[in-house]
Every structure is written in structure tokens, then in C-alpha cells.
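This report concerns only the one structure given below.
Protein chains: 2
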Amino acid sequence: MITGKNYIGNLLSSLGKVTFKTFNPETNTENEYIFTEASEIEINKAVELATEAFKEYSKISGLKKSEFLNQIATEIEVLGDELLKVYCEESGLTKQRAESERGRTVFQLRSFAQLVKEGSWVEATIETAIPNRKPTPKPDLRKMLIPLGPVVVFGASNFPFAYSTAGGDTASALAAGCPVIVKSHPMHAGTGEMVASAIIKAAEKTAVPNGVFSNLNSSGIDVGVNLVKHPQVKAVGFTGSMQGGRALFDLAAKRKEPIPVFAEMGSVNPVVLLPNAVKNNFKKWAKAYAKSITLGSGQFCTNPGLLFGIKGVDLTNFIQKLASEIVKIQPTCMLHPTIIGAYEKNKSTMQNQQGLQTVVDLKNETPTNYGRQIITTVEGETFLKNSTLHQEVFGPFSMVVQCEDKEQLEQIITNLEGQLTGTLISDGDEIKAYETIVNALQNRVGRLIFNGVSTGVEVCGAMVHGGPYPASTDSRFTAVGVHSIKRWVRPISFQNWPDNQLPDELKNENPLKINRNINGEQTIKPI
Amino acid sequence: MITGKNYIGNLLSSLGKVTFKTFNPETNTENEYIFTEASEIEINKAVELATEAFKEYSKISGLKKSEFLNQIATEIEVLGDELLKVYCEESGLTKQRAESERGRTVFQLRSFAQLVKEGSWVEATIETAIPNRKPTPKPDLRKMLIPLGPVVVFGASNFPFAYSTAGGDTASALAAGCPVIVKSHPMHAGTGEMVASAIIKAAEKTAVPNGVFSNLNSSGIDVGVNLVKHPQVKAVGFTGSMQGGRALFDLAAKRKEPIPVFAEMGSVNPVVLLPNAVKNNFKKWAKAYAKSITLGSGQFCTNPGLLFGIKGVDLTNFIQKLASEIVKIQPTCMLHPTIIGAYEKNKSTMQNQQGLQTVVDLKNETPTNYGRQIITTVEGETFLKNSTLHQEVFGPFSMVVQCEDKEQLEQIITNLEGQLTGTLISDGDEIKAYETIVNALQNRVGRLIFNGVSTGVEVCGAMVHGGPYPASTDSRFTAVGVHSIKRWVRPISFQNWPDNQLPDELKNENPLKINRNINGEQTIKPI
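Protein chains in written order, with my numbering: chain A, 1 to 527; chain B, 1 to 527.
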């Protein structure tokens, strides 16, 4: 079923010379399939097809787009256990995780299908003419959101389904009316090809134009760089490392026509432990955090990498309990040798920082392809002075920062880089005494969590998965939930346009029965 | 009343060494006031004050923000004829224009006051918890828009009120909850200082924190560059030239923490003249366009610089009529000697392009400080091959492109750069036969106009003033209308947050009675 070829629109193609294989991290061996990296000719062809497809696809009805998206979900399910098997072989993640991530992925696709079928998401805003207004007549103006054009999607290594080939970026861009070209993740190229085949099948069954989707293999950076530089590409979605995301952002900013790049680049997800909570519930929170830190071998962008508390016997108790709980958890293999390599390197960079103490480290007790959890601790003063300690270590690594007092805690939070999440652990009303700290934390994050863990990103309209830089390259958008569609659309206004030539969304009679803002009133009434 | 000093928050300050004067383009002489450019110390102080003010200002109620914005409008009106006098002395524009632009400016301020007083603009989206959901409970998630932080505003030379000190960028940023630092436009520094004094007075009367607004004088690029590079500045609004806007965009993209720059950089605003309209109504449209091209000496970013038609006797008739109408119009002085200089230079660059014919040129008939209108024409083929002909000439310059046929017209439209507006002139239903051209035009612009002129930008919620690059640096936003507030805000999500600690917008009881989306339903009901 896996050919190792690229999908250039609905055609399988392998004109390139560079080949590569994926790796099974559980068995520590290469997988059998051979993938061919997309050549420049194929890259250009994919973009040309997408540009041509955009003419029709940008205009098709929400109903037709919803059929397409729903069909993608169905086709992914049809791939059944074979798809899960390849997912596990290429990621080392469990079948249970594969199933739950597939569930999340088809749910996302169906959520967007529902959104575009209903149609009100275009934010139709109409102000009707006032011909006799003085000194000048008021024209009729009608505004709605339209798609930007072809979008390039870079999936993440750690979510081969939900943030990859048919993940949130692809689903939201297709829902918006944008053709998508996926730069397939080299670590799960087989999973990528199978999911791509489902999308292509869905495109053919629902008769959307060829070129609405392409899937390009790549083993290095060239394919991605060529895609982002291509003048016909109009936006980029990325989930991955800070280094990768920033490189793409810089490339896009330097183009003759700069284009938006939404890069979600992870974060350390600070957790603030308030004193009474530590004192009264340290066992409960130590247990919860031991689990959260090691979930999926710590390979979540919402993994809690930094915990802050006020120095003292209670915090020491928490640290000890966290250490004793975390060693009870069985380590699991990480996604790829390069990820293990980076984890070990970054961990050791941290451990070499002056003042950092290792509380517990599974170093010598587990296989080398496994993510060995580690708890470290440092004084607030030391943390403030050394920005290396603020960086993300992707994996089951966490650091407890022992602050002198509330003032130092506030100073530390204020000086943190942007984060996806910030969590507050509080014993009941204790939070009220920490308003300035909550405000400082709010200023640094996309999502605030009360008495919980940051891992687990609910897919819903009220979610924000993003945040101030470097959590994302543009804090004004979210990567998760239906509002993530806003990354790929722009408003257009029609002035005095003939009713029969307007898009259905803006016609007087409101044939789509969508919710519109007409002269300031939210209504489904016709004009 | 004009001191020539900077407003660093509510303090007048002039620590710098560089001084400059403004210029009266009507009398061709310098104005009397001496302005002192802001020093680095003053720039840093203004940003520090803004950062400190943000802590409080980002959290104050919509009601209080509306009082502040309304008071700014009132204080501007209180400045009365003295303000209009300085405006005219520094711009050469008429008193009538000054009055109408002031009207637009206070209308904008009051529109934003109304928006934030009502409060639903924060797009509150709530999904309540489902504790017994399987396999995992659904948390309570509540999302709303919050301000980004201190915003730097660069006003335009051509709108000393509406796109400057208290113009749309400032009004929308203050409404969002962002402190504003204005880099005052050197051509109307006196107007800027007077308007700034109105803002400071309003800030004091309504007791918003000091530092919510500062006004910095500048004669060159240093003040602006230092502001955009300052780590505590979180966004930039700019209206002006392509060169200036792109330079700021590049600076902001290169920061350690990149920040959003919304630059509106003008355009040539293509007009497509369909054959029947040209045949049947060429006199009417020639008259309308002669007026639109020369309005305000052509110094509008929506000035129609390019007109496209199908070659033939009808189009020739239109061109002749346009030429004969435009010479009847009395030229007026341009804003500044540097603008006249650029206009003359760019005009002559165009006239030196091979194949460009000058139909009419007032060159030798008017004073040199006046914007002398000119109509040129060129073949479609020539236009396609020479991208210099696609560039904006800021001033009363227009070019009629004579296309061979519909196909060439479509090809030309497809290859245009991004534009603020695109206009279609059609005789009734004729538009139906030009669907591909309309689609191509839609793809290139922020606003489509039917049978009208592009000059005149209505301030309303259904307006889009922006468009694909280089019309703006981010086509996903508008610079005009209440939705322009979205440039300065980001979503944040609160997960399982205690009700009494939530912002009022997200509390169960909905104390502000705003429209919210609760579990998919738009409602003002409490939870």
C-alpha cells in the first residue's frame, strides 16, 4: 500500500534522486519502505496545480467542502488497522495512542465540515446604502472572509495524525477554501502517504479539483525551503521546533511578497504552585505532574517543563514526592534517534548549568532509545540570571524553580518568554492574593489553566493553542479549534455590487440562511 | 499653543538636539514653530511608561475606555478653528477638507467608544465542562480577545487627522486596551502636537494611567527605527509609502521577538472599463474619473492610477474625453516640496518608459508647488512586459491601458500586485460575461467597487481598507472600520478558571450583558 512516492495532486510521482527510509524507534531498526524526496519539478508542479485548483476551489460551496472533509475522515477510518500499524512502526507510540489521535484527527475534520456547511464562519457584515445621506451618499458595503490561496503545511514529528498530513492545519486550510501542499514529515513518511491517499481518494469521490492537495516527501530542508519561497504559495502552517519555525518565518518575511507563517513552536508551559496548595496537596499534585511530565515520553508541546514555587519545607516535600512518583513510571521510547539525541544533549546542557541540581535521573536504568525522565531544581536567583535555564528541553524533563518570595516569583514570570500555557495550582481562594502574578502569567501565555495539567488540548471553539512568541509566530491566532481557520482567510468588501453577482453569503435573500451582521444587528433575516 | 516639544506621557519634554520646522505648501514658506526631535532617553521613557500603563489600562472596563475615547473626540473639537488653521498651514489642504477630515476622525473615535462600551467585540466563546465525558472529562474553556501591549503608530502625510495622531490606528489600539506611542509625522508636527494635547487632556480628565499615550517628534528615520526595535513595543501601525512600510516590516521581522506590523502602503487601484459601459457612458465615466484622479491633488491611497479597457474607437473616445475633462480642473498644491519632488520624478520616470504616450499634461501651465495632473496611455502588451508601469505614482497621475482583448485583460489583472481597491465599470448585466476577470480582480484587492470611484473610504464595519501585499503587509486585517481593532488583540483561553477570578466578559452571570457564544449558541443569557 505504501509506494514511497509523492502525490502531485492525484498522481503518484517519484522523479527525484534522493531516497530515505523511516525508523522504528521501538525495535531500533529502519522500516522497509523507501521514500523518494520530491524534486524541484514536482514541487513546482504541485504549486501550479494548487494555484489552478484555487480558482475553482476558492469558490465552491460550503456544502461541497463539507462533503470533502467528511469524506477524508471516512477514508482515514477505512484505512483501519493497517494505518495504525504503520503509525506505530514509525513513531514507537502505542496503538492506544494511535487510535485516540486518529479519533482526534477525524473529529477535527468533521468539526470543520460542520463549520463550513453551516456557513456563518465567513463573518458576513453588511451595511446597506443610505442614498440621501448628507453631504455624501453612503454606499452599500458587504464584507466576508475569503481564502488566501495555496497553503503549505509542515507537520510535527510528535503527532503523526493530528498535527500532520490531515491534521488541524490541513483541515482548517481546506475548510477555508485553500489548496494544501503538505511537506511530509520524514519520520513518518509512510503514515503521511497513507493519510495522503485517503485525502486524494476523498477529493476524487467528491469531485473537488485536482491539485487541492499534494503530499511531498522530504528528508532535509530543501523541499520546505523551495515551497516557502514559491511566489504562488500564500501562507504557511508549521508545528515543530523553535529553530525550524523561525527559519521558515524568516524566509517568508524576506520574500518579495511576504506571506503569513503560523508556526507553533512549543514552550516550557510554566506551572505556578501557590504555597497553600503545596502545603495541603503536595502529594496529589506531585502525582499528577509526574504523570503529565512523562506523558508520551514528554513529547507534547504542552509538556510542563518549569514549575515555580516559594522556597521552604513544603516545596521540598513536593519536590521529593515528585521525584519518588516519577521514578515509578515506566519510560517509553522516544520518536526517533535524532530526538533522543537532542534530548540527551539538551538535558546535559541543562545539568551543566551552574546551580542546577538533579533530584532524580533514570539515566542508567533504561534502554538508550527510551526517554528517561529527570527532575531538576534551581534557586530563583540563579534562574533569573541564566536564560539557558528558560529554554525548552523536548522530552520528560522538568525543573522546579525555588523562588525566594512572591516578588521574585512575579519578576521571574514577567521575564519568561511567550508560552502556550500557564498553570496555576491554588488551594481554593488563595489565588486572590496573587493577582499581580496571575496578570503577569496571563501576559505571557495563550491559555491559563487552574488546578490542572497543561497536557491535553481540547479541540473546541474556546481553545487557544498558540501564544506570544516564541510559543507561536503570531499570537493573534490559534492552531486548534475551528477559529484556526482565520489564519488562512482575509476580508473582502463589495461596494454597490449587483445582488445577483454577489457571493451567496452576501445576497439580499440570504439563500444560505447564515447568521449575518446587517446594519449592526446579528440576524438570519433577508434584506 | 504649539510648544514644539514631545509628549512623554503627560509631560512636555525636549531633551534632544535635532530641531526642525514644518512647511506651508500653499505659501511655499516654512512655518514659524520649531520642533525638537525626541531623544533616545525620551523614546525609552515613553515605552517604559506605556509598558507600565499597560498593566492597568489592559484591564480597565470598556465603559472607562469609551469615556476616554469620547473625551478625545470632544477635546479635538474644543481646539476649534485654531486646529484647522494649523492643519491648513502644514498641509496646504483646504479648510473644508480639514473640517471633513476632523469629522471623520471624531466619528472614528466615537465609533470605537461605542464598540468597547457595548463590549461584545471581545468574541467571548465559552464551552462549559462535561465532567462525565468518556474517555476523559471535558474541561470548562472560556476564550476572549485581550490587548497585545504598547503599539507604535506612524501617521500618513496625506491625512493629518484621520490617519495620524488620533486617527484610525490610534483609536483602534486605544480601544483594544493598548497604550499608543505616536511617531509624529514631520510634515504636520504642529497639527500632531495639538491633537496630542487633546488626547493627553482627555487621559487626565478620564483618569486613565499616565503613559497610555505619548507623541514623539521626528524629522528622519531614527525615532521610528528605535521605537520598532524596542523589546517592549508589541505591534506597529503604519500608513504611508511602500518603501517606509516595508522597511519597518523588515525591522520588526528581524527582532528577537518578531512583532506584527500592519502597514497600509497604498496602491494603484485598477479600474476595469467593460466595453458596453465605455461605448454607452464614456462621457459620464470620463467626468467622474477626471474628478477622482485629481481629488486632493491625487494624494489618496485609493487614487485610481490605472484604467484598463479593450482597445478600439470607444476607448479612444473615453481617453480623449478624460483628457478634456481633466484639464478643466484647477490643480491644487501638493502636501510638501518633497512630495512634489517625488511626483515630478516618478511622473518623468513613467514618461520615459518605452511605449508610454502622454495624452495630456498640465506641465507648463501651473505653479511648481501644485500637483499637475497628467493622463497617459499604453498598449496592453507593453504594460505586461514592463513592471515599472505597474508602480504607483503618488499624485494626480493616471494611465489608461489599452488591451488587445478580454484574454489579455485577464492576464494583466492576474499579474497585478496586490491592491486596496479594484473597480468594475459595467453597463448593466455586461459583468456576467466577464466572470473570470472579476475573479482575477477579486484575488488582487481588498475592496471591489461596482460602477463608482475608489476614492472615498466609508468608515463602517463592512469596509475593508487593506489588501494583498503590497497594498498592506497583512491582508487578513483592515485599517478602517471597527474590525481594525483585531490588529491589536489576541485570544486567550481560561481553563477551569474560578468564576470570581474570570474577566467580567467570561463570568457565568454575564454582568456586562454582552453577546457570547456559549456551547455553540450566540446569546446574552447567563450560564
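Backbone N, C-alpha and C define an ideal beta-carbon position, used for all residues, glycine too.
Leu424 (chain B) sits close to Val272 (chain B), with the two beta carbons spaced by under 8 Å.
Among the residues facing chain B, Ser172 (chain A) is not included, as its CB has no counterpart in that chain under 8 Å away.
Counting only residues of its own chain and dropping the five nearest sequence neighbours on each side, Lys279 (chain A) has a CB closer than 7 Å to the CB of Asp314. Along the length of the segment 136-204 of chain A, whole alpha helix (DSSP H) runs at least 4 residues long occupy 168-176, reported in chain order. Contact annotation: the segment 249-263 of chain A does not touch the segment 294-313 of chain A, with fewer than three C-beta pairs closer than 8 Å. The continuous beta strand (DSSP E) containing Met399 (chain B) extends over residues Phe397 to Cys403.
For Val400 (chain B), same chain residues with a beta-carbon under 6 Å away, outside a window of 5 residues either side, are Leu307, Ile319 and Thr377 in chain order. The beta carbons of Pro147 (chain B) and Val482 (chain B) sit no closer together than 8 Å.
A residue is called buried once 16 or more other Cβ atoms fall within 10 Å of its Cβ, and Lys486 (chain A) is buried on that count. Under DSSP, Phe494 (chain B) shares a beta bridge with A:Leu448 and B:Arg142. Close to chain B, meaning a Cβ-Cβ distance shorter than 8 Å, are the following residues of the segment 452-463 of chain A: Gly452, Gly456, Glu458, Cys460, Gly461, Ala462 and Met463.
In summary, no residue of the segment 231-244 of chain A has a CB separated from any CB of chain B by less than 8 Å. Ile339 (chain A) is positioned such that its CB atom lies no closer than 8 Å to that of Val360 (chain A). Note that the segment 502-519 of chain B touches the segment 114-121 of chain B; at least 3 beta-carbon pairs, one per stretch, sit closer than 8 Å. Within chain A, the C-beta atoms nearer than 7 Å to that of Glu127 (chain B) come from Cys460, Gly461 and Ala462, in chain order. Taking a contact to require three or more Cβ pairs closer than 8 Å, the segment 150-164 of chain A and the segment 15-25 of chain B do not qualify as touching. Boundaries cannot be given for Thr455 (chain A), as no alpha helix (DSSP H) includes it and DSSP labels it neither H nor E. Under the three-state reduction of DSSP output, Val223 (chain A) falls in the helix class. With a threshold of 8 Å between beta carbons, Gln442 (chain B) makes contact with chain A. Going by beta carbons, Leu145 (chain A) and Pro503 (chain A) fall outside the 8 Å limit. Chain B places no beta carbon closer than 8 Å to that of Ser184 (chain A), leaving this residue out of the contacts. In the assembly as shown, Gln408 (chain A) is a buried residue. Its beta-carbon has 16 or more other beta-carbons within 10 Å.
The alpha-carbon separation between Ile412 (chain B) and Pro275 (chain B) amounts to approximately 17 Å.
Interface with chain A (8 Å Cβ-Cβ cutoff): Ile221 (chain B) is excluded. When rounded, the separation of the alpha-carbon atoms in Leu174 (chain B) and Val212 (chain B) is 8 Å. Following the DSSP letters along the chain, one finds Asp250 (chain A) in no beta strand (DSSP E) but inside the alpha helix (DSSP H) bounded by residues Met242 to Lys254.
By the rule that beta-carbons nearer than 8 Å mark a contact, Asp504 (chain A) does not touch chain B. Counting the other Cβ atoms within 10 Å of the Cβ of Ala129 (chain B) gives fewer than 16, which makes it exposed.
Around the beta carbon of Arg447 (chain A), 16 or more other beta carbons sit within 10 angstroms, so the residue counts as buried. With three or more CB-CB distances shorter than 8 Å, the segment 218-237 of chain B counts as touching the segment 178-187 of chain B.
In this structure, Cys403 (chain A) places its C-beta atom within 8 Å of the C-beta atom of Gly380 (chain A).
Put simply, the backbone Cα of Thr29 (chain B) is about 16 Å away from that of Thr332 (chain B). Listed along chain A, the residues sitting closer than 8 Å to Ile492 (chain B) by beta-carbon distance are Gln442, Val445, Gly446, Arg447, Leu448 and Val464.
With a threshold of 8 Å between beta carbons, Trp497 (chain A) makes contact with chain B.
At a cut-off of 8 Å, the C-beta of Val489 (chain B) has a neighbouring C-beta in chain A. In terms of Cα proximity to Thr27 (chain A), the closest of A:Phe35, A:Pro367 and A:Ala342 is A:Pro367.
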